[in-house]
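>
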Amino acid sequence: MTIYLNGEYMPIEEAKISVLDRGFIFGDGVYEVIPVYSRKAFRLEGHLRRLQHSLDSIQLSNPHNDGEWTKLINELIARNAAEDQYLYLHLTRGVAKRDHAFPKPPVKPTVFMMSSPLLTPPATLLQSGIACITAPDNRWLRCDIKAIALLPNVLLRQMAIEAGAMETILIRAESNNEDAFMTEGAASNIFVVKNGKLLAPPKDNLMLPGITYDVILEIAAANNIPYEVRRIVAAEVFAADELLLTSSTKEVLPITQLDGKPVGNGKPGAMFTQLHQLYQDFKRDVMRATTLPPRDNQ
Ligand code: PDD
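Residue numbers (the numbering used here): 1 to 298.
1) Determine the direct distance from the alpha carbon of phenylalanine 102 to that of alanine 123, and round the result to whole angstroms.
2) Which residue from Tyr213, Ala187 and Ile232 puts its Cα closest to that of isoleucine 171?
3) Sorted by chain position, which residues of the same chain lie with C-beta nearer than 8 Å to glutamine 127's C-beta, five sequence neighbours on each side aside?
4) The alpha helix (DSSP H) with asparagine 74 in it runs from where to where?
5) Determine the direct distance from the alpha carbon of arginine 79 to that of glutamate 32, and round the result to whole angstroms.
6) What alpha helix (DSSP H) runs, 4 residues minimum, are completely inside the stretch 83-156?
7) What residue range does the beta strand (DSSP E) around leucine 20 cover?
8) Can you tell me whether DSSP reads asparagine 177 as helix, strand or coil?
9) Can you round the beta-carbon distance between tyrosine 279 and glutamate 251 to whole angstroms, since I take them to be within the 8 Å contact cut?
10) With the cut-off set at 8 Å, would you say glycine 245 and isoleucine 130 are in Cβ contact?
11) Among the residues of its own chain, which have a CB less than 7 Å from the CB of leucine 292, if the five just before and after it don't count?
12) So what does DSSP say about arginine 172, is it helix, strand or coil?
13) If you count every other CB in all the chains shown that lies within 10 Å of the CB of isoleucine 161, and 16 or more means buried, which is it?
What follows is the structure, given as structure tokens:
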């Protein structure tokens, strides 16, 4: 596997960073996960926009403009073997003597990218659906930042694994449990389906604004699928006809079991089937449109 670290491409075994890197010491950094289909980064503009939002939020200046990022990313894709890849991009505030406050003057950020083969969910999983559990959302109030400090998410996801499930759906309570509402999954966004309508939580400071989430809502709008973006109370999650999970690596998955009980009739529903098909069509159309041979200008 060839990786990119601070201006150089190299085999992953040769990549080294200082133990004083603020990413290692404080988790002081941000990241992106970008799916690559047929060697083309999917929704790159959206990922770079979200990266900029994360960087602005932690007051770290972006070392590259979009054109430079695009070149670096395309070069990394070209240097790795798979046609479909899972590209991980990671920036930290750099290497400095240990002090919580930002280094003054600022030091160079650490820029790291790696890419591995993208394995989208197998057909068996799409047919059976996945099991999830619920747990209180005990994270901070800036979940809109794609921060590398993921300990709460790691612990929440592990709870699911230990319960024999795949993901934990997070429920946040602000004052009392009666108005508890759903935010997202530990590493995914969650949609609720009720009476033929798709419900999505709002992109506020309490969830990561997913790129796949955006694609799903655009697809819904373009295909006259009724949808509503609003707070979803916990009771609506438990009474859902269908629950859907989205992320860059999982695309869209049906959740057929929640806390050990069936969701709806316990099988992937009509909304999932329609959205999954439309998502695959959309992906293929975008890739086809962008992989046309260059125009002959003569
Ligand atoms: N995680 N919410 C959280 C907390 C996430 O970690 C992710 C993605 C998402 C979905 O965002 P997107 O559709 O842009 O992938 C929502 C990535 C895949 C990860 O950390 O590996």
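No residue lacks a Cβ here, since even glycine has one placed at the ideal position from N, Cα and C. Small disclaimer: the values here were computed from a predicted structure and weren't measured.
Concretely, from the data shown:
1) Their backbone Cα atoms lie some 47 Å apart in a straight line.
2) Among Tyr213, Ala187 and Ile232, the Cα nearest to that of isoleucine 171 is on Ile232.
3) Hits under 8 Å: Pro268.
4) Run containing asparagine 74: 66-79, per the alpha helix (DSSP H) assignment.
5) Spanning the two alpha carbons is a distance of roughly 19 Å.
6) Taking only runs of at least 4 residues, the alpha helix (DSSP H) segments lying wholly in the stretch 83-156 are 123-128.
7) According to the DSSP assignment, leucine 20 belongs to no beta strand (DSSP E), since it is labelled neither H nor E.
8) For asparagine 177, the secondary structure class from DSSP, reduced to helix, strand or coil, is helix.
9) Indeed, because the Cβ distance is near 6 Å, the residues count as touching under 8 Å.
10) For the record, residue 245 in the displayed sequence is leucine; it is not glycine. Cβ atoms of leucine 245 and isoleucine 130: closer than 8 Å.
11) Unreliable positioning characterises leucine 292 in this predicted model, as indicated by a pLDDT of 47, which lies under 50. A coordinate reading is not provided.
12) In this structure, arginine 172 counts as strand in the three-state DSSP scheme.
13) It counts as exposed.
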